[in-house]
Amino acid sequence: MTPLVEVRNLKQYFPVKTGLFKTEYLKAVDDVSFYINEGETLGLVGESGCGKTTVGRTLLHLYEPTAGKILYQGTEVNEKNIHSMRQKMQMVFQDPYSSLDPRMTVEDIIGEPLDVHHLCSSKGERREKILHLMELVGLNAEHATRYAHEFSGGQRQRIGIARALAVNPKFIVCDEPVSALDVSIQAQVINMFEELQEKLGVAYLFIAHDLLVVHHISDRIAVMYLGKIVETGTADDVNYNSIHPYTCSLMSAVPIPDPDYTRSRKRIILQGDVPSPLHMPSGCPFRTRCNHACEKCAQEMPPLTDRGNGHMVACWVK
Amino acid sequence: MEDKHLLSVQDLHTSFFTDAGEVHAVNGVSFNLDPGEILGIVGESGSGKSVTAYSIMQILEATGKITGGKILFKGHDLTRWNAAKLDKFRGKNVSIIFQDPMTSLNPVFTIGNQLIEAITLHTSRKGEQARKRAAELLTLVGINEPERRLKQYPHELSGGMRQRVMIAMALACEPDILIADEPTTALDVTIQAQILELIQSLQKKMGMAVILVTHDLGVIAEMCDNIIVMYGGRICERGTAREIFYNPKHEYTKGLIRSIPNVNNMKEKLVPIAGTPINILNLPKGCAFCARCDNCMKICLTEVPEELSINKDHKASCWMNVKEAFEEQGGAK
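Heads up: the sequence lines are chains U and P, in that order.
Using the working numbering, read the first sequence as starting at 15 and increasing by one per residue.
Using the working numbering, read the second sequence as starting at 5 and increasing by one per residue.
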C-alpha cells in the first residue's frame with residue numbers, strides 16, 4: 015500500500031550570514047524520512063528549534079526544500095503541481111490570533127480557499143458550503159458575518175480549521191494548534207480534531223511540544239532533535255518503551271497531572287542546553303547532553319534501525 | 005493568631021480602572037502562607053492568579069488598585085505601607101520571577117550590572133564584595149563559568165540560562181517568599197525540568213516559602229504542597245495536592261482534571277468543559293463558573309457560594325457540596 019504522504023530524505027537548509035562575505039547554512043531539517051497513512055495521525059514532537067515546524071511548512075512547499083522528496087499518493091509534490099496539491103494538503107497554524115485576516119468576515123475567510131480553487135459555481139453553492147463547514151466545526155450560522163476579533167481563541171482556531179477543510183483535503187498539517195489555547199478549551203479542540211478524522215477520514219501531521227496531547231491524539235509519533243528524527247514508532251511504544259536516551263529524558267521530564275505518579279517516578283534531568291544548530295556537534299547531535307555517549311557517537315550519526323513493530327531508533331548505544 | 009503566618013492575604017479585592025469600566029480581577033481572595041511551604045495557584049487566563057501575585061508585590065499597573073482587604077506580612081498590613089517601605093520589602097522579603105525571561109532582563113546592561121545592582125540596593129555589600137556575591141549566586145543556580153557570564157549580555161544566553169539569572173537575582177537577598185509567575189511556560193520540557201528542580205532544591209536549602217502561579221496542572225502536581233484553584237477572580241477550591249487531584253469538590257476543578265490528557269486516559273475521549281472562558285468585564289452575579297457548569301442550580305446564578313470545609317485539608321466553594329451536606333443531614337434525620 016502506498017502511504018498517503020511520504021517524505022524521503024528531506025533537507026531544509028537556511029543560509030545565515032555570519033560575516034561580511036561568509037554564509038553558513040543552518041540545517042533546520044537534515045535528512046528526515048517518514049510516512050503517513052490515510053486517516054492516520056502522526057505526532058511530531060521535539061523542543062523549540064528542532065525543526066518540527068519547518069518539516070510541516072516544507073511539506074506544503076511554503077519553503078522550497080533543499081533536497082529530498084515529498085510524495086503524495088506516490089506523486090512527487092513540486093513547484094509545478096503545488097497549487098493543485100494544496101487542494102489535498104492543508105495547514106492549520108499555531109496562533110489563531112495572527113493567522114486570520116482581521117479585515118475579512120468569517121464567511122470570506124472560509125470562502126477564500128473555495129474561490130482560489132474555483133470549487134463553487136454559484137454564490138448560493140458557496141454560501142451553502144461555508145455554512146456546512148461552519149456547522150462541522152461547531153460554529154453557528156449567525157457567526158458568518160462577524161470578524162475574527164469578535165471570537166475567543168478556541169473559536170478562532172475552529173475558523174482556521176474550517177478554512178483548512180474547505181477544499182476537502184485528505185491531509186492536514188496541524189502546527190501547534192492547541193498550544194495558544196486555555197487549558198479548559200484545549201480538550202474541545204482536540205476532540206474536534208478526533209471527530210473530524212472519524213467523519214472525514216483526514217490524516218494529520220500533528221506538530222506539538224505538549225507530549226501528553228500528542229500521545230493522546232496520535233497513532234504514531236516521531237521525535238526530533240536538532241533537525242533529525244531520533245525515534246519513531248507507535249504512540250504507546252514511543253511513550254512507554256522509549257529507547258533513545260533523548261526520548262527517555264523527554265518523557266521523564268513531562269510534568270504529569272497526577273501527584274502520586276509524578277513524584278514517585280525517576281526523572282532523568284538533562285544537563286546543559288540544546289547546541290546551536292549552526293554549530294552542530296559531529297556524529298550524533300544529542301551526544302553532548304547524553305549520559306551514554308561513547309566514542310562512536312562523536313564520529314558517525316547512527317542510522318534509524320528497527321527494534322521491532324516498526325519502532326525505529328537512531329542510537330549506537332541503546 | 006494571625007501573626008504565626010508568614011503571609012496572610014485577607015479578602016483581597018483588586019480592580020483595574022479601564023475605559024471599558026472597572027474590571028474586578030480579584031474578588032475576595034484569602035489565603036495563608038507558612039515558611040517553607042510551596043503553594044500553587046492554578047487557573048486559566050483571566051482567573052486573577054497573576055494579579056493576586058502582583059498585588060502581594062504591589063507591582064500592579066498604573067490602572068490597577070487594591071480596593072479592599074489586607075495583606076499581612078508577619079502581621080503587618082503592607083497595603084498601608086508607603087513607597088519607601090515597599091521598596092525595602094520587595095527584593096528583601098519577597099521576590100518575583102516572571103514568565104518571560106527574554107523580556108524581563110534589560111538588554112543593554114550585562115548580567116553582572118543587573119545582578120550587582122540588585123545586591124547593592126538591598127544588602128550592605130558594595131563593590132568587589134557585591135561582585136563576588138553575584139558570581140556566588142550564579143554558581144548557586146547552576147551556571148558554570150560565572151565570572152565570564154557576568155560580562156555577558158542577556159541576548160548571549162539561552163532561555164533556560166536567562167531564567168536562571170532571573171532566579172539568581174530574585175534570591176540575591178535571600179527573601180522569605182519567592183513568587184514564581186509561570187516560571188517555565190516559555191521554556192522547553194527538558195529545560196523546564198531543570199528549572200523546577202532548581203527551585204525545589206533552592207527552596208529546601210534556603211527554607212523560603214514559594215508561591216507558584218501557573219496554568220499547568222502537571223507542574224502543580226509535581227511541585228506543590230498546597231493548591232489554590234482560581235476562576236473568575238475567586239478561589240473555588242483549596243487543599244493539599246492529593247486532595248485536589250484525587251478528590252476534587254468543585255465542578256470547575258473536576259472538569260479541568262477530566263479535560264486534560266493524563267497517563268490513564270490516553271485511549272479515552274477527553275471530556276471538555278463546555279463554553280468559553282469567562283469575560284471578567286461581565287462577571288455573573290452568582291458563582292463565576294455557573295455559565296459553563298453542567299450541574300448549575302438556581303442558587304448558583306444568584307448567590308456566590310460560601311466556602312465549605314470538606315475535611316481539614318480541603319475547602320471548596322460550590323453549592324453542590326452544600327446541597328450534598330444538606331441531603332446527608334436530611335437523610336440522617
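Yeah, the Cβ is synthetic: ideal placement off N, Cα and C, and Gly gets one too.
Could you tell me whether the Cβ of residue i comes closer than 8 Å to any Cβ of chain P?
i	result
Glu190 of chain U	no
Val19 of chain U	no
Leu240 of chain U	no
Asp233 of chain U	no
Gly247 of chain U	no
Asn23 of chain U	no
Tyr161 of chain U	no
Gly33 of chain U	no
Val268 of chain U	yes
Ser256 of chain U	no
If you measure from the beta carbon of residue i to each beta carbon in chain U, is any gap under 8 Å?
i	result
Leu118 of chain P	According to the sequence as given, residue 118 of chain P is Gln; it is not Leu. Closer than 8 Å: no.
Gln167 of chain P	no
Asp192 of chain P	yes
Asn286 of chain P	no
His254 of chain P	no
Phe249 of chain P	yes
Thr4 of chain P	Shown here, chain P extends from 5 to 337; a query on residue 4 of chain P therefore has no answer.
Ala24 of chain P	no
Asp220 of chain P	yes
Gln149 of chain P	The sequence shown places Glu at residue 149 of chain P, rather than the Gln named in the question. Judged by the 8 Å Cβ criterion, Glu149 of chain P is not in contact with chain U.
Val27 of chain P	no
Val267 of chain P	yes
Glu48 of chain P	yes
Val275 of chain P	yes
Gly52 of chain P	no
Gly164 of chain P	yes
Thr280 of chain P	yes
Ser238 of chain P	According to the sequence displayed, residue 238 of chain P carries Arg and not Ser. It does not: the Cβ of Arg238 of chain P has no partner Cβ on chain U nearer than 8 Å.
Met106 of chain P	no
From the DSSP secondary-structure annotation, give me the bridge partner or partners of residue i.
i	result
Leu11 of chain P	P:Leu37 and P:Phe77
Gly44 of chain P	P:Leu216 and P:Ile231
Asn3 of chain P	No answer is possible for residue 3 of chain P: the residues shown for chain P start at 5 and end at 337.
Gly25 of chain P	P:Thr22
Phe165 of chain U	DSSP lists no partner for Phe165 of chain U.
Ala217 of chain U	U:Phe185
Glu31 of chain P	In the sequence as presented, Glu is not what sits at residue 31 of chain P; that position holds Asn. According to DSSP, Asn31 of chain P bridges with P:His17.
Met105 of chain U	U:Val187
Asp320 of chain U	U:Met326
Pro29 of chain U	U:Tyr39
Which same chain residues end up closer than 6 Å to residue i when comparing Cβ atoms and leaving out the 5 residues on each side of it in sequence?
i	result
Met106 of chain P	none
Ala307 of chain U	Arg301
Ile215 of chain P	Leu43 and Ile183
Tyr218 of chain U	Thr55, Ile186 and Cys188
Glu331 of chain P	none
Leu145 of chain U	Ala155
Leu274 of chain P	Ser263
Gln62 of chain P	Leu90
Apart from the five residues on each side of it in sequence, which residues of its chain come closer than 8 Å, Cβ to Cβ, to residue i?
i	result
Leu109 of chain P	Ile115, Gln118, Pro158, Arg166, Val169 and Met170
Pro179 of chain P	Gly95, Lys96, Asn97, Val98, Ser99 and Met212
Ala278 of chain P	Arg296 and Asp298
Using a Cβ-Cβ cutoff of less than 7 Å, which residues in the same chain neighbour residue i once the five nearest sequence positions on both sides are dropped?
i	result
Gln202 of chain U	Gly168
Ser232 of chain U	Thr55, Leu56, Gly57, Phe220 and Ala249
Gly163 of chain P	Pro105, Met106, Ala190, Leu191 and Ile195
Glu6 of chain P	Annotation note: pLDDT 48 at Glu6 of chain P (below 50); position unreliable, no value reported.
Thr67 of chain P	Phe20, Phe21 and Thr22
Met99 of chain U	Tyr86 and Val91
Contact residues within the segment 275–302 of chain U, judged by C-beta distance below 7 Å to chain P: Cβ contacts with chain P come from Tyr275, Thr276, Arg277, Arg281, Ile283, Leu284 and Asp287.
Near-chain P residues of the segment 113–126 of chain U - C-beta to any C-beta below 9 Å: Residues of the segment 113–126 of chain U with a Cβ closer than 9 Å to any Cβ of chain P: none.
Contact set between the segment 55–72 of chain U and chain P, restricted to residues whose Cβ is under 8 Å from the partner: Cβ contacts with chain P come from Glu61 and Ser62.
Contact the segment 245–264 of chain U vs the segment 309–325 of chain U: 3+ CB pairs below 8 Å: Taking a cut-off of 8 Å for Cβ pairs, the segment 245–264 of chain U and the segment 309–325 of chain U touch, as three or more such pairs fall below it.
Cβ contact check for the segment 174–193 of chain U and the segment 101–110 of chain U: 3 or more pairs under 8 Å: Cβ pair count under 8 Å is three or more, so yes.
Contact set between the segment 183–210 of chain U and chain P, restricted to residues whose Cβ is under 8 Å from the partner: Those residues of the segment 183–210 of chain U that come within reach of chain P (Cβ to Cβ, closer than 8 Å) are Asp196, Val197, Ser198, Ile199, Gln200, Ala201, Gln202, Ile204, Asn205 and Glu208.
The segment 243–253 of chain P / the segment 23–39 of chain P touching (three or more Cβ pairs under 8 Å): When Cβ pairs closer than 8 Å are counted between the two stretches, the segment 243–253 of chain P is seen not to touch the segment 23–39 of chain P, the count staying below three.
Segment contact flag, the segment 146–164 of chain U with the segment 117–135 of chain U, C-beta cutoff 8 Å, min 3 pairs: When C-beta atoms of the segment 146–164 of chain U are compared with those of the segment 117–135 of chain U, three or more pairs fall below 8 Å, so the two segments count as touching.
Members of the segment 188–216 of chain P that neighbour chain U once the beta carbon cut-off is set at 8 Å: Of all residues in the segment 188–216 of chain P, Asp192, Val193, Thr194, Ile195, Gln196, Ala197, Gln198, Leu200 and Glu201 have a Cβ within less than 8 Å of some Cβ in chain U.
Three CB pairs or more closer than 8 Å across the segment 123–137 of chain P and the segment 195–210 of chain P: No, because fewer than three Cβ pairs between the segment 123–137 of chain P and the segment 195–210 of chain P fall closer than 8 Å, the two stretches do not touch.
Under 7 Å (Cβ pairs) to chain U, residues found in the segment 224–235 of chain P: Across the segment 224–235 of chain P, CB contacts with chain U closer than 7 Å involve Ala225 and Glu226, in sequence order along the chain.
Segment contact flag, the segment 131–142 of chain P with the segment 259–279 of chain U, C-beta cutoff 8 Å, min 3 pairs: Flag = no, the segment 131–142 of chain P and the segment 259–279 of chain U do not touch.
Chain U contacts made by the segment 122–143 of chain P, where a contact means CB separation under 9 Å: Under the 9 Å Cβ criterion, the segment 122–143 of chain P contributes no residue.
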